[in-house]
Amino acid sequence: MGQYNRIADAIETLDQMPERIKLMESEPERTRGLRRLIVDNYAVFFIIADDVVIVTNVLYGASDIENRLRGNR
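The sequence shown begins at 695 in our numbering and counts up by one.
Here's what the structure looks like:
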């Protein structure tokens with residue numbers, strides 16, 4: 695199974711109880727309701743809005759995640 699499929703499968707599990715993934719502890723991510731699901735060397739970031747899971751980013755773990763989440767390159 696390829697990396698893409700593992701990430702896609704993990705995202706699909708969020709259909710059931712996405713709240714099981716904790717809110718991020720850092721700000722402003724916590725205030726925005728951002729959650730992080732780790733899949734191998736990748737992090738899937740998502741929010742829950744009106745019972746809908748919205749994936750905002752899928753980032754490689756070795757990248758500068760904090761700056762990427764805040765719109766910096």
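Glycine is no exception: its CB is placed at the ideal position from the N, C-alpha and C atoms.
Taking E713 as the centre and dropping the five residues before and after it, the same chain places the C-beta of I742 closer than 8 angstroms to its C-beta, in chain order. Along the segment 710-735, the beta strand (DSSP E) occurs as fully enclosed runs of 3 or more residues at 729-733, listed in sequence order.
In the three-state scheme derived from DSSP, where H, G and I count as helix and E and B as strand, A704 is classed as helix. For L708, the closest C-alpha among the options F739, G696, V747 and Y754 is that of V747. Per the coordinates, the alpha-carbon of R764 lies some 21 angstroms from the alpha-carbon of V733.
Where R762 is concerned, the enclosing alpha helix (DSSP H) starts and stops at I759 to L763.
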